[in-house]
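See structure below.
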Amino acid sequence: MRIELRGQGGYLNPKFIWHEQTTTTPPPGISIPLQVLETHHDAGHTLVTLARPAGVVPDALSFVTQTTSFERSVRVRDARVDTMLGELGSGQIARGAGLLDDALTLAIARATGTRLQIDISDGDSGALQDLRVAASVERPTLIFDAPAGSTDAPVLMLRYGGARTRAPDYDVAALAAAASNSTAPAKLGKLELARLGTATRNPSFEPARPLAEIFPAGATLDTRPYAFRRRFSVHSGHADLARIELEPADLATMRSDFADLRVVDANGLQRPFLFSGADTRKEIYAEIAEPVREGENSVYTITPPMAPITVESLTLDTSAAQFERSYELLAVDPQSRATQLTSGRISRKLGAPSEPLRFDLGPTLLSRLELHVVDADDAALRFEHAKLVTRLPTLYVIAPPGEYALMFGRPDATPARYAHRGAYAHRRRPDDCARQSAHASGTARLRSGFGRGPCNARSRRADRSPAARAGARGRRTCGGGASEVRSSHEATMEPSESPVAVAAAGHSAARSQARDRFV
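Per our numbering: the sequence shown = residues 20 to 538.
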């Protein structure tokens, strides 16, 4: 390269400095739609709860809506089933109907819970129409040593998805610190890019040994002292772990600590089981009676279909166009004692959307609710529907396919004691295995009768049990027992002649890196 400078006079002493710059384009990110679990509209806010799949750790959230023009404040919180873990980010999302640039992406911090809660401030505007949210995930890049080989045939194998291994510890990890300097992106951009082949099942993969083989059937149970029996069937499952989602009526005659619950097989032998927390949300319609006038008040009695039951919220629907009343909401427990849960004012402005009235209750154990509304000289409000929300525990049974029965209803029973409760300290928590478990079928759910929901104290006791504490400390292992850990998936890579190659991992690899690690 020859450079010649021309000009008048020779008194200038120009200098020429050559800079070389390489722009590296990062691999495109991944957009993953998130499932909406529930949506609530309350006091000018829209609360949206999203499920966060395991292994998906969003860097940002993207919002899609049919609303053509808006500007809303948004807060995103990290959450588990019934616990808020903290705020992940906040900001504005907006669409200017062609007048302003759209801003529909919000960066968030790293999430650790199983859910994301989005709080959108609507003000006096209506809720965003047909709202959908997607997680934006940065696509990871793998840097590895690769021997020179022929480009005609694959010479390396990427293995992932076993879920029974630890994070790798290679010398190449030192490159992570070096990659943070200013010249690293340009150097990385010069590395050859390996081509990922099609992901296939690993034929040498060894799944976990069946739990029923590790923890066989227990002692014979004398079923005569148990007042109730409900049969169910297990058809198939990962490592012989079956899941039963209890209904409110299933808890009708069980003790609050579940000490009287047993699972037996067709031979009358006990089968080990574990409880998760109250992680299943259930909506129940309750009966709301005609109001009874007491002075200036109208008293509404709200009775659930089974009682007592633990509820966390009440929703009432009314077609009244405009009202503003003071109220008091009472819970009546199984001993007929009334306790005030909340009080304040309920209102609706003329022309405002007919949103239902929602009351947060707890959770609270109750037999019925009493709503006292101060009507003064106005006519009583008419409520068309009353809906309660409760949370239910899930039962995990270590059992191969077959016929089984739930035994319960023994007031003098002592809690079951099985060896697997200590052994699960070295295995994954049962709720982590739920996605790979069979769903028990048959008549495991009670269809009628009086029931009792899992009160808050019961949930705390269950969470503090030795099994729950052991599971919380457990490593990410489901099943276990195999002496050699192998991955369940593999993908070929075709590197170039360069001794170092870069692989841009796809969606499946991204999930595995975040959750199962690459080996």
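In this text, a Cβ means the ideal position worked out from N, Cα and C, and glycines have one as well.
Own chain, CB closer than 7 Å to residue i, minus 5 neighbours either side, in chain order
i    : result
E23  : none
E403 : D336, T337, S338
A48  : Note on residue identity: the sequence assigns Gly, not Ala, to residue 48. The answer, listed in chain order, is S155, V156, E157, R158.
D61  : R377
A104 : Ala is not the amino acid found at residue 104; the sequence shown has Leu there. Excluding sequence neighbours, L104 sits near D97, A98, T131, G132.
R21  : none
R25  : none
V75  : I51, A154, V156, R530
F35  : I22
L107 : V95, R96, D97, I127, A128, A130
A122 : Q111, I112, A113
Proximity of residue i and residue j at Cβ, strictly below 8 Å
i    : j    : result
R364 : E343 : yes
L56  : R134 : yes
T299 : R410 : yes
T87  : R114 : yes
D352 : P327 : yes
L147 : T68  : no
I127 : P77  : yes
G216 : D143 : no
D279 : G428 : yes
S295 : T413 : yes
D149 : R91  : no
D276 : P434 : yes
L265 : M426 : no
R249 : P430 : no
H391 : V318 : yes
S109 : S81  : no
L175 : A165 : yes
T320 : R243 : no
I139 : T65  : yes
Bridge partners - residue i, DSSP secondary structure assignment
i    : result
E23  : None, per the DSSP bridge assignment.
N316 : E313, V393
A153 : P52, S81
D284 : Y423
F342 : R367
R94  : S109, D138
Q289 : V283
L414 : I263, F294
T337 : F402
S88  : G115
R436 : For R436, which the question treats as bridged, DSSP gives no partner whatsoever.
V351 : A357, R387
R300 : R410
A126 : A79
R429 : None; R429 has no bridge partner.
D61  : H64
I233 : In DSSP, I233 forms no bridge with anything.
A70  : R134
R377 : T334
M103 : A98
For residue j and residue i, believed in contact at Cβ under 8 Å, the rounded distance
i    : j    : result
A395 : E315 : 5 Å
F234 : T272 : Contact doesn't hold; Cβ gap of about 27 Å is too wide.
T131 : A79  : Wrong, their Cβ atoms sit about 17 Å apart, outside the cutoff.
E306 : V408 : That pair is no contact at about 16 Å.
A340 : E389 : No, A340 and E389 are not in contact; Cβ-Cβ is about 26 Å, not under 8 Å.
T322 : L384 : About 15 Å separates the two Cβ atoms, so there is no contact after all.
L360 : L380 : 5 Å
V95  : I112 : Contact doesn't hold; Cβ gap of about 11 Å is too wide.
Residues of its chain near residue i, where Cβ-Cβ distance is below 6 Å and the 5 sequence neighbours each way are ignored
i    : result
S507 : Low per-residue confidence applies at S507: pLDDT is 48, beneath 50, and the placement is therefore not dependable, though the value from the model is reported in the following sentence. Counting only Cβ-Cβ distances below 6 Å, and skipping sequence neighbours, we find G180, G181, N221, F224.
S460 : Low local confidence applies: a pLDDT of 36 at S460 is under 50, so the model's placement there is unreliable, and no value is given.
T334 : P375, R377, K406
L53  : L69, V152, A154
A432 : A278, D279
A308 : T320
S362 : E347
Y304 : K406
A424 : R248, R250, V283
8 Å Cβ shell around residue i - same chain, five flanking residues per side excluded
i    : result
A238 : L288, Q289
D2   : It is not possible to answer for residue 2, since the shown part of the chain is limited to 20 through 538.
R71  : L53, P77, A130, G132, T133, R134, L135, A154
S355 : S386
Discussion item. Whether or not the region 416–434 and the region 364–381 are in contact is what I'm after, with contact meaning three or more pairs of Cβ atoms, one per stretch, closer than 8 Å; do they touch?
Written reply: no
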